[in-house]
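Protein chains in written order, with our numbering: chain A, 95 to 529; chain B, 48 to 231; chain C, 59 to 951. See below for the structure under consideration.
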Ligand SMILES: Cc1cc2nc3c(=O)[nH]c(=O)nc-3n(C[C@H](O)[C@H](O)[C@H](O)COP(=O)(O)O)c2cc1C
Ligand code: SF4
Ligand code: FES
């Protein structure tokens, strides 16, 4: 029961909408592209996007227009646009829906961005598991090309806009933009040391912009309805527009909900997602994907915009909101995420590589009731020693579950350890006898 | 005694046009590596040493460069897998809604644990990390297809359909959740 | 005040102000002021990867700690490397790195020289908080010469990055991810690569080590001697490490020598020749047709007596001498002095005759120098490089690295004229980096070079000042190339005029151009002429005489250059100076207190002819093996068999030594002192690492002892005295130390050449010859051009006694193009029959993409049987024996 207008999900929520080019055109599709290509100076498109206040939906929330503006101005050689469709952050499943249900909205967004930054080739880096999504995009690209929206001399404007769909092959880290570029270059997906940033040296060492699917999908609407319209949605000035929140976990109606930024967690969870699935109380919330620190039920009134969530000690991240009910072991939950990070650490930085394994093993041991009190201190220190000392933000992300569960639910760790110690005391005489 | 190239033209002979088409999408040949590896994997369900060598040759890489890339990605297999590769998501979001039970069902029904293949080489079971379908867990991927909001009944049907026809209508997509009607 | 700091940056490190060049990394700036920031993944040769996170430092105004290995300095930057925060960070990173590292230091060959050990000693408490299970990789067999212990790996990827960035080989694969990242190689067989040993050397821990010395030492037991490698003309500095007079391993320190610590398989794994069990340990005298052990006294007396008798009977011109250019300058110098003074003849020659002489004679002819006018640094900094006839990555691997660096790091344009075609293999191939590759059989190189010159002329790329200075030369060369028809060139070379014009433009339009000329020119018929024509090309485009530009013939032998400079070739006195040069003769006479003989010299083939006809009756052969190196058709055995006295100084009983009357055991380079002169003219020290094996003695010392017995003593206390004598004779020689300036072309000589010097053989050089070797008519599938070539893993026959190298390559195989093989119906490993008019043999084939169709390449180190199929022709001008190619038939067996 949205009290607000849907933007990105509007078409697909219309019964019978198939996502074909015809359907998309019927809803005004590709009008925005027609409006800008060859008619508006690329730099002015960038200005427009800056004015809209659009910020990246991929995780970091970097202002999109500002990012485009970092490209060297009078650069003559090729530039690239990469659409980040790697969507691998646990808790996040919105880009998949955007691509599978309304692929042309994404393509039009890419085309507008490509035009604005002067990229003749754009690559959609889609996670390998999304086979269907890649297939749908491929078909949509062919359709759009046929119709003259993509390809050489788009709509007779002289601009060349080519879009290629490139499948990843199973590696969370390839969502990190420089790892994505490495992977797109056919290499192992190891993040690059920055600087240089992609804007100056990205794909094949050329100026490159990487933007998330949802970020790009907003562009046709911003062009069509003006930056002021967009800036008025959400919590101005810093969190404009809507976000698709992906609600998962112990709620009645998990799923994707597009809402203006700035509604509270409570609204999202209890109004949109139907509240808790059983009569158990809410215990914990991850507000922005696995990389975001856990919050508690005391944070239910935190507004879902970049600043407010950050202030509450977590982050808005990718928009993945996971809800956990009373009775969920927080040590167990932290371990599940830690296992994910351990599995996905690319292994480049020693603190992340070794730390993820160390943390995982330690939490696993605690959960298996073989922990010691000093483990808690060690966990904390290890987290501190990883955060901020790695090449990419994965290092900061992987410590979030442990740091935050330790912050709010330290007693759960302690209880497990105390049980272990009681157990150990019983064992002690035997252990001593071995020596 | 150094041993270089032993040639194998299998992929080029069979898929020459597709290969050229893939390579033409990128200004630098190496970018075609993942697409070509998928193409090779389509053949036998995994990437053989001969295929790695041939792809290296096509892309003007050394075989180790191909190999190192493969090993970074979970979707590329270096060993044969069953005809149906069941990959159950075990990450937190799915675990909250029962993915561990799902693994248990498979163990009960197929007698295999994660990492194992049924003796008839039909099913390989793996547990994997998040597949990007957290709102519709527990879920799994079998070969190219997603199956979501799984229940024990659904799993039974999927297994029997796959055994019988090699396909199952329960596969999901194009994805949307909640579905349109709930938004009215 | 004018700023002079355009290219430097001032910053403060730990409170001290430093000024460093712009672009310097903080870690290097700190090193320059003596502050060592701990690190693992950083290495000055590699682009920063910043993966170990060890080198964190505090930089004022930057919130997070930064990796000093990847942060360039900035003006006014304030860096702190030793605050509590930084120390804590170092400790914590080290704790992470140690978490999965086994504590097997007692059995680790790196123990005692391990970065991890050293930093741990500095930072960590003795107990670890890591109470979990350590990661364990199943042990895998890696290769016969390289051992890996992946549990010890700290995943810095230095080995992988070295293999890619420096070597361009890409043989190592980091596989898996996260903590399970493991350095592997490809496939179900042992590692297959260039075996440069770079990964062993660059590993900061003991994860990759040499199997040749496994468990044999602890680093502190080793004695070290910095010396010069003896395997090719590049002249790499190596450190021979020994224990109890046994060679344990070779290293080359980063920054050391012309090679900057980089080596090839020969240098790194080939050190066991010196201690081979077959080494001759005692003098041998032929008695009753058999060589039997003798004392030095007997052997030397025998030689001296026989030599005196023969000289009395037949005169000095009945003597000849031949020396291997593997010897030190000191050996070479004493040898020619012995032949000239003690014997009294100029009939002496050396292995420089096999090809290097072609290069040096052309340099002297056109520009009056006998050395390169460029250095390795000029190669690295060149904007365009033209490589002609050199599979440089195998023949001169370290010069090859300079070319790779020029292309990969500095973006130089590379033009290659080579038989091998671009194809990625397990050995790097310079043609892969080439922007303009012209592939053709060696007998077509001339046509390609003439095509380039024609393009230069026709595209108006001849330098205007040259046209002013030497109108006749420009006209003569222009007319000559204009007379050549493009269609003929295109047909002969299989390339297009457009491609040649592109390359010509790329060459002519850049400021710094270097031409490297390899064995494919220098050891092929027409070599001396083509070398001259390549100098013409440089002259025509106006590069000649400019700093950083030049034509550089690549020396194959480690001291080919020294052999010519020491006057151990038929045509030169030390210097080199022409035999008849009055000034040189006078200088020598003054120093030697005796006249230099007036008689003419003899080249190798001429010597053998004279021996066969009985004009020459006695020969002194030092380390050279004509019976084993020349094809039987040169009839060296015949010739040597006719001698009344054949004295060989040798390490091993070679084919030639087996024919000798007296064999005198000589020291290898590892047991003696002296100098080698590398291909670019650097005179570099040779230092003994072990005591002479058995009774062996340095070659100079043997000659010196003989001279005493023969009544004309050439006495030296040690090699240093000889070096000093050489320096006093050739002042330029000794000045060339670590950073020499290369000579500039001699203006008078250039003028002489441009006025009429070029004319003598212009017609010959500017002609399209069609030897027919390369062309294959239809229906001639079985006809191939056989090419004997250098392998990366061997050097002459010498290295075929190095056990490490034999483990890498122990036999020869005939390499052919897969398409050719397909036509012949053969696959890898099939036996085939090769036949020429001279005979036939069987061998096995190996298919390689880089071999062009119609060519069949065989490594010359294993050519014992193959030599029978070759014939020898001598260069009419330089007497160089050409015996590297033949037309053969290949049939499947
Ligand atoms: C470990 C890691 C994983 C990431 N995964 C994704 C992802 O799956 N999808 C995505 O759009 N951005 C991801 N990002 C963020 C990207 O690096 C990048 O910031 C984003 O694609 C930029 O697009 P935007 O400005 O439109 O948000 C990830 C970042 C990190 C550090
Ligand atoms: S922080 Fe982790 S994931 Fe990111 S580059 Fe470093 S090792 Fe890889
Ligand atoms: S040396 Fe700087 S991160 Fe490794």
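For each residue, glycine too, the CB sits at the ideal point set by N, CA and C.
Proximity of residue 344 of chain A to chain B, defined by a Cβ-Cβ separation below 9 Å, is satisfied. Residue 455 of chain A belongs to the set of residues whose beta carbon lies under 9 Å from a beta carbon in chain C. Under the DSSP definition of a beta bridge, residue 131 of chain B partners with B/170. Judged by DSSP in its simplified three-state form, residue 314 of chain C adopts coil rather than helix or strand. Per DSSP, reduced to three states, the secondary structure at residue 419 of chain A is strand. Closest option to residue 338 of chain A, judged by alpha-carbon separation, among A/153, A/116 and A/136: A/153. Cα atoms of residue 92 of chain C and residue 119 of chain C: separation of roughly 24 Å, rounded to the nearest angstrom.
Counting only residues of its own chain and dropping the five nearest sequence neighbours on each side, residue 635 of chain C has a CB closer than 7 Å to the CB of 642. With a threshold of 8 Å, the Cβ atom of residue 305 of chain A counts as near ligand 1, since some heavy atom of the ligand is closer than that. Taking the CA atoms as reference points, residue 409 of chain C sits about 9 Å from residue 683 of chain C. Residue 159 of chain A places its beta carbon less than 9 Å from that of residue 148 of chain A. With a cutoff of 9 Å on beta-carbon distance, residue 302 of chain A and residue 174 of chain A are scored as near each other.
Residues of the region 279-292 of chain A with a C-beta atom less than 7 Å from some C-beta of chain B are 279, 280, 281, 282 and 283, listed in chain order. In the three-state reduction of the DSSP assignment, residue 635 of chain C falls in the strand class, which pools E and B. Within chain B, the C-beta atoms nearer than 7 Å to that of residue 184 of chain A come from 138, 139, 140, 177 and 181, in chain order. In terms of Cα proximity to residue 478 of chain A, the closest of C/783, C/154, C/473 and C/823 is C/154. For residue 189 of chain A, the distance from the CB to the nearest heavy atom of ligand 1 is below 8 Å. Put simply, the region 179-199 of chain C touches the region 445-460 of chain A. At least three CB pairs are less than 8 Å apart. For residue 858 of chain C, the three-state secondary structure derived from DSSP is helix. Considering only C/950, C/769, C/655 and C/773, the residue with the shortest C-alpha distance to residue 365 of chain C is C/769.
Secondary structure note for residue 274 of chain A: its alpha helix (DSSP H) is the uninterrupted segment 271-278.
One alpha carbon belongs to residue 121 of chain A, the other to residue 359 of chain A, and they sit about 32 Å apart. A distance below 9 Å separates the beta carbons of residue 203 of chain A and residue 313 of chain A. With 16 or more neighbouring CB atoms inside 10 Å of its own CB, residue 583 of chain C falls in the buried class. With respect to chain A, the C-beta atom of residue 274 of chain C has no partner C-beta closer than 9 Å. In the three-state DSSP reduction, residue 187 of chain B falls in the strand class (E or B). For residue 90 of chain B, there is no enclosing beta strand (DSSP E); the enclosing alpha helix (DSSP H) covers residues 80-91. If you check the C-beta of residue 385 of chain A against ligand 1, you find a heavy atom less than 8 Å away.
Secondary structure at residue 602 of chain C: coil, using DSSP grouped into helix, strand and coil.
Distance check between residue 167 of chain A and each of A/417, A/136, A/516 and A/403 places A/136 closest, using alpha-carbon atoms only.
Distance from the CA atom of residue 363 of chain C to the CA atom of residue 864 of chain C, rounded to whole angstroms, is 41 Å.
Bounds of the alpha helix (DSSP H) holding residue 439 of chain C are 434-439. Between ligand 1 and the CB of residue 313 of chain C, the shortest heavy atom gap is not smaller than 8 Å. Here DSSP, grouped into helix, strand and coil, assigns residue 218 of chain A to strand.
In the structure shown, residue 702 of chain C adopts coil according to DSSP, grouped into three states. In the displayed model, residue 336 of chain A falls within a strand according to three-state DSSP.
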